[in-house]
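Beneath this line is the structure, given in structure tokens, with notes to follow.
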Amino acid sequence: MTAEGVYIPKEQDSKGINQFRPISLLNVEGKIFFSIMASRLTKYLTENGYINTSVQKGGIPGVSGCLEHATIIWETIQRVKSEKLNLDVV
């Protein structure tokens, strides 16, 4: 399967290569194929215990990883502030 790459300008009057965003265009059949494959693979991996949802959150149906991680970060920051500890966030 071959994708055609094109560059989309990030801003008007873009001149340098760093002012463009590359994207790949696939045909509709390719998009449908990869969507089906991703859905089946996710289902298989989840049902057979190959995905540890306590660690992997992104892209798993029914798992709200963003909310969970944001809550953990918020609670950690609040605890560090109340106990006057040092905290480095990367």
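As numbered in UniProt numbering, the sequence shown has no gaps in its residue numbers, which increase by one up to the final residue, 90. The beta-carbon is built from N, C-alpha and C at its ideal position, and this holds for glycine as well.
In the DSSP output, what is residue i paired with across the bridge?
| i | result |
| --- | --- |
| Phe20 | Pro9 |
| Glu4 | Leu25 |
Round the Cβ separation of residue i and residue j to the nearest angstrom and send it over; I've been treating them as touching at under 8 Å.
| i | j | result |
| --- | --- | --- |
| Ile77 | Leu87 | 7 Å |
| Gly59 | Thr42 | 7 Å |
| Glu24 | Gly5 | At residue 24 the sequence reads Ser, which differs from the Glu that was named. That belief holds up - the Cβ atoms of Ser24 and Gly5 are roughly 5 Å apart, short of 8 Å. |
| Glu68 | Lys57 | 7 Å |
Could you tell me whether any Cβ in chain B is nearer than 8 Å to the Cβ of residue i?
| i | result |
| --- | --- |
| Phe34 | The question asks about chain B, but that chain is absent: this structure has only one protein chain. |
Quick check: the segment 6–16 against the segment 28–38, are at least 3 beta-carbon pairs closer than 8 Å? Because the criterion of three Cβ pairs below 8 Å is not met, the segment 28–38 and the segment 6–16 do not touch.
At 4 residues or longer, what runs of the alpha helix (DSSP H) sit wholly inside the segment 22–85? Along the segment 22–85, the alpha helix (DSSP H) occurs as fully enclosed runs of 4 or more residues at 28–47, 65–82, listed in sequence order.
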